[in-house]
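Student: Residue numbers (the UniProt record's numbering): 1 to 293. Even glycine gets a Cβ: it sits at the ideal position worked out from N, Cα and C. Note that the structure is a prediction, hence the values are computed from the model and not measured. Can you read through this structure? Questions will come right after.
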């Protein structure tokens, strides 16, 4: 029996007539009759007899129904699964993300998303600009969210929001707690240097060069949050993204924007030849909202 035969046979068996089966399946009565006749021809025996205007299953139909019902339930399960995939009720999201967005942005986005899509699972890995392409190619990440990524051949980019570089400073250094600082106000200040800081480091370097400033950096680190913790000990100032700064402020530190600001974009990257799944597409607005709130 073909799947269409199974569908028609099951509908007639459970509803008791061609009319009811046609209504259940939203097709015409002649169409149901035609498929039933074709099924009986292929099987070589009748499935129903007409008794007092009603179709009564034959003994052969009764024996067949148990197996047909199993297949019918499986077909329904496939339909339900397809529906859930389409509407992102189920799925898996492999997301690569810059560490800075892991302090609060990503947890907030996932928490909001899970209220509506509790059965979608996440696999989260941190990724840096120099390793993003490899992460996408190796399927470690379906999508990677980075600060100010450079264009890459074969990679699509989706705007997720904006942020800025800020100065984290000990409160004792600027007792009036400014919310904005210029490069000139930082000339005699000790910097916690951050090596290998990618495009954001290039942005800061360009600004420093344009104002002929060479920062004094006796301490070098590779991680933004470590730089922020060193500032809390009064060892200098650091320049990091606002998300990391706000995730690491304490009673001893304050945060100031540059004047003029050093703004940058946040983008989600994925391979052009690997379209985003429905689950990922449904998650991105939650991420964008968390970034921009």
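Assuming residue 57 and residue 48 form a contact by the criterion Cβ under 8 Å, report the distance between their Cβ atoms to the nearest whole angstrom.
Tutor: Within the chain shown, numbered from 1, the residue matching residue 57 stands at position 57. Within the chain shown, numbered from 1, the residue matching residue 48 stands at position 48. Confirmed, Cβ separation roughly 6 Å.
Student: On the DSSP bridge list, what partners appear for residue 216?
Tutor: As a first step, residue 216 is located in the chain shown; it is residue number 216 there, counting from the start. 190.
Student: Note the first and the last residue of the continuous alpha helix (DSSP H) segment covering residue 286.
Tutor: The residue you call residue 286 lines up with position 286 of the chain shown. That run of the alpha helix (DSSP H) goes 278-292.
Student: For residue 88, which residues from the same chain have a beta carbon less than 7 Å from its beta carbon, with the 5 sequence-adjacent residues on both sides left out?
Tutor: Residue numbering aside, residue 88 sits at position 88 when the chain shown is read from its first letter. Model confidence at residue 88 stands at a pLDDT of 48, short of 50, so the residue's coordinates are unreliable; what they give is reported in the following sentence. Taken in chain order, the residues that qualify are 117, 120, 278, 279, 282.
Student: On a CA-only basis, which of 274, 291, 288 is nearest residue 154? Give me that one, please.
Tutor: Sequence index remark: in the chain shown, residue 154 carries index 154 (1-based). Cα-wise, what sits closest to residue 154 is 274.
Student: What is the rounded straight-line gap between the Cα of residue 3 and the Cα of residue 64?
Tutor: The residue you call residue 3 lines up with position 3 of the chain shown. The residue you call residue 64 lines up with position 64 of the chain shown. Going from the Cα of residue 3 to the Cα of residue 64 covers about 14 Å.
Student: Looking at residue 184 and residue 211, is the spacing between their C-beta atoms short of 8 Å?
Tutor: Residue numbering aside, residue 211 sits at position 211 when the chain shown is read from its first letter. Residue numbering aside, residue 184 sits at position 184 when the chain shown is read from its first letter. Against a cut-off of 8 Å, the Cβ pair of residue 184 and residue 211 comes out as a contact.
Student: Could you pull out every unbroken beta strand (DSSP E) segment of at least 3 residues lying fully inside the stretch 219-260, listed in chain order?
Tutor: As far as the stretch 219-260 is concerned, its whole beta strand (DSSP E) runs of at least 3 residues are 238-241.
Student: Below 8 Å CB to CB, which residues in the same chain sit around residue 285 once its five sequence neighbours on both sides are set aside?
Tutor: As a position in the chain shown, residue 285 is number 285, starting the count at 1. Same-chain partners within the cutoff: there are none.
Student: Using three-state DSSP, classify residue 67 as helix, strand or coil.
Tutor: Taking the chain shown and counting its residues from 1, the one referred to as residue 67 is at position 67. It is helical.
Student: To the nearest angstrom, how far is it from the Cα of residue 31 to the Cα of residue 70?
Tutor: As a working mapping, residue 31 is identified with position 31 in the chain shown. As a working mapping, residue 70 is identified with position 70 in the chain shown. Rounded to whole angstroms, residue 31 to residue 70 spans 24 Å at the Cα level.
Student: Compute the Euclidean distance between the alpha carbons of residue 172 and residue 122, then round it to the nearest angstrom.
Tutor: If you number the chain shown from 1, residue 172 lands on position 172. If you number the chain shown from 1, residue 122 lands on position 122. Answer to the nearest angstrom: the Cα atoms are 42 Å apart.
Student: Does DSSP classify residue 150 as helix, strand or coil?
Tutor: Counting from one through the chain shown, the residue named residue 150 turns up at place 150. Residue 150: coil per DSSP, three-state reduction.
Student: Between which two residues does the alpha helix (DSSP H) holding residue 14 run?
Tutor: By 1-based counting over the chain shown, the position of residue 14 is 14. Segment 3-15, the alpha helix (DSSP H) holding residue 14.
Student: Assuming residue 263 contacts residue 162 under a Cβ cut-off of 8 Å, what Cβ separation, rounded to an integer in Å, is found between them?
Tutor: Reading the chain shown from its first residue, position 263 is the one you call residue 263. Reading the chain shown from its first residue, position 162 is the one you call residue 162. Residue 263 to residue 162, Cβ: 6 Å. Contact.
Student: How big is the Cα-Cα spacing for residue 84 and residue 125?
Tutor: For this step, residue 84 is matched to residue 84 along the chain shown. For this step, residue 125 is matched to residue 125 along the chain shown. Model confidence at residue 84 stands at a pLDDT of 49, short of 50, so the residue's coordinates are unreliable and nothing is read from them.
Student: Run the proximity test for residue 40: is its beta-carbon closer than 7 Å to any non-hydrogen atom belonging to the ligand NAD?
Tutor: In terms of ligand content, the structure shown is empty, and the ligand NAD therefore cannot be addressed.
Student: For residue 267, which residues from the same chain have a beta carbon less than 7 Å from its beta carbon, with the 5 sequence-adjacent residues on both sides left out?
Tutor: Here residue 267 refers to the residue found at position 267 of the chain shown. The residues are 146, 149, 157, 158, 159, 160.
Student: Could you tell me the distance, in whole angstroms, from the CA atom of residue 102 to the CA atom of residue 176?
Tutor: Position 102 of the chain shown, counted from the start, is the residue given in the question as residue 102. Position 176 of the chain shown, counted from the start, is the residue given in the question as residue 176. Going from the Cα of residue 102 to the Cα of residue 176 covers about 31 Å.
Student: Buried or exposed for residue 202, going by 16 or more other Cβ atoms inside 10 Å?
Tutor: To locate residue 202, count along the chain shown from 1; it is residue 202. Label assigned to residue 202: exposed.
Student: Does the stretch 91-106 come close enough to the stretch 21-29 to have 3 or more Cβ pairs within less than 8 Å?
Tutor: No, they do not touch.
Student: Under 7 Å Cβ to Cβ from residue 231, same chain only, skipping five residues before and after it: list those, please.
Tutor: For the purposes of this step, residue 231 is taken as the residue at position 231 of the chain shown. Excluding positions up to five away in sequence, the list reads 168, 169, 170, 192, 237, 238, 253.
Student: Can you check which of these residues, 5, 200, 165, is closest to residue 61 by C-alpha distance?
Tutor: Mapped onto the chain shown, residue 61 falls at position 61. For the residues 5, 200, 165, the minimum Cα distance to residue 61 belongs to 5.
Student: Going by DSSP, which residues form a beta bridge with residue 270?
Tutor: As a working mapping, residue 270 is identified with position 270 in the chain shown. Beta-bridge pairing links residue 270 to 156.
Student: Is it the case that the Cβ atoms of residue 186 and residue 241 are separated by a distance below 8 Å?
Tutor: Here residue 186 corresponds to residue number 186 of the chain shown, with the count starting at 1. Here residue 241 corresponds to residue number 241 of the chain shown, with the count starting at 1. Going by C-beta atoms, residue 186 is not nearer than 8 Å to residue 241.
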